[in-house]
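Residue numbers (the working numbering): -11 to 125.
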């Protein structure tokens, strides 16, 4: 398969690359170290000055399984990819039911100790103020 980086929009690619850094909480320097790539090249990609090389794309895909090839190159698909164990949803606020443990958007100070007899955690759901949430299974 030939890689034709001329089909990649540098400005849009830079936005997707920044989204990856934000998602993983990485600085450009930490990202460059993680994929073993030159820091100045990362800087040029983030500024939209350069287009990605095949070597760069392959290193990103190998290091970060949630990044899909087509999403990285042209923005089609989702990030993180739906094949990962994390799924993102956006639902209306009216669908949420407030419980006694939640008061004005804050979790109560009640603490529960986890014991060996507690059941295994199946999933964790994190709710955001923008009415989206993430499910970790």
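Note that the Cβ used here is the ideal one computed from N, Cα and C, for glycine as well.
Put simply, of 106, 104, 35 and 65 the residue whose alpha carbon is nearest the alpha carbon of residue -1 is 35. Counting every other CB atom within 10 Å of its CB across the protein chains shown gives residue 2 a total of 16 or more, marking it as buried. If you ignore the 5 residues before and after residue 55, its C-beta comes within less than 8 Å of the C-beta of 8, 48, 49, 67, 68 and 69, all in its own chain and listed in chain order. Residue 113 has 123 as its beta-bridge partners, per DSSP.
Apart from the 5 residues on each side of it in sequence, residue 23 sits with its Cβ closer than 7 Å to the Cβ of 47, 48 and 51 in its chain, given in chain order. Sorting 125, 40 and 4 by C-alpha distance to the C-alpha of residue 63 places 4 at the top.
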